[in-house]
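The listed protein sequences correspond, in order, to chains A and B.
Under this note's numbering, the residues of the first sequence are numbered 7 to 118, in order.
Under this note's numbering, the residues of the second sequence are numbered 51 to 165, in order.
Below is one structure, written out as structure tokens; the observations come after it.
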Amino acid sequence: NAGVTQTPKFQVLKTGQSMTLQCAQDMNHEYMSWYRQDPGMGLRLIHYSVGAGITDQGEVPNGYNVSRSTTEDFPLRLLSAAPSQTSVYFCTSGQGPQREQFFGPGTRLTVL
Amino acid sequence: AQTVTQSQPEMSVQEAETVTLSCTYDTSESDYYLFWYKQPPSRQMILVIRQEAYKQQNATENRFSVNFQKAAKSFSLKISDSQLGDAAMYFCAYRRFQGAQKLVFGQGTRLTINP
């Protein structure tokens, strides 16, 4: 049982490049979400999903796209990276509202 | 919308002493969860303690305990017998009782342990 996995661990992009941050979980969890962590601001919700085919926006969705075609995977796409997207990104998964929420190890993204 | 505030960006404590980290929150809901997460330099988010708002009893996990004041919307974390391994960033977080697992985080408090 690998839990929540994120790839890559580190990434450097140039402004305007696109990329996908991968998140996968092997616990058959319905709920998954993406957060970004910035100094002095804690973690903020980007997008979330309550099941395959269902996604919704969080607090800071601009510049990011998501899809949830399977229960296991919840990729986060940056279509045209900007320096303001330099951050650490965390993926989480959980089984339901009253259940524990599990964090992935995070991805540190730098946009030059 | 719910908000969470941690007013202490940094705290320090002597090893073996006790330290309290503060957290206040704002919500109009009566049922919810509150959490304290620890983030060491490894970046991994580690759940320290969880409190259900409908429980009057304060949660405790070994050396970690909370002081949950629902009316005052305050949720502080007390670390007893501080150890060098407790050095980390600590985040207070709120989550609704129902619906998607959407966490609202405070800004974080960096805790330093002095040997």
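All C-beta atoms, glycine included, are put in the ideal place defined by N, C-alpha and C.
Whole angstroms are fine: how far does the CA of Ser39 (chain A) sit from the CA of Ser73 (chain A)? 11 Å
Can you tell me whether Gly156 (chain B) is buried or exposed, with buried defined as 16 or more other CB within 10 angstroms of its CB? buried
Would you list, in chain order, the members of the segment 18-43 of chain A that have their beta-carbon closer than 8 Å to a beta-carbon of chain B? Tyr37, Ser39 and Tyr41
Can you tell me which of the three DSSP states Asp131 (chain B) falls into? coil
Starting from Met61 (chain B), find everything on chain A with Cβ-Cβ shorter than 9 Å and list it in chain order. By Cβ distance, chain A contributes nothing, its closest Cβ being about 15 Å from Met61 (chain B), past 9 Å.
Which class does Ser57 (chain B) belong to by DSSP, given the choice of helix, strand or coil? coil
Note down the Cα distance separating Glu65 (chain B) from Thr98 (chain A), rounded to an integer number of angstroms. 33 Å
With 16 as the cutoff for other CB atoms within 10 Å, does Gln133 (chain B) come out buried or exposed? exposed
Could you please give the first and the last residue of the uninterrupted beta strand (DSSP E) stretch that includes Ala101 (chain B)? Going by the sequence as given, residue 101 (chain B) is Gln instead of Ala. Where Gln101 (chain B) is concerned, the enclosing beta strand (DSSP E) stretches over Ile96 to Glu102.
Relative to the C-alpha of Ser75 (chain A), which candidate in A:Ala88, A:Leu84, A:Val56 and A:Leu118 has its C-alpha closest? A:Val56
Whose C-beta lies closer than 6 Å to the C-beta of Thr53 (chain B) among residues of the same chain, with five residues either side of it excluded? Asp76
Out of curiosity, what's the CA-to-CA distance linking Gly100 (chain A) and Val69 (chain B)? 31 Å
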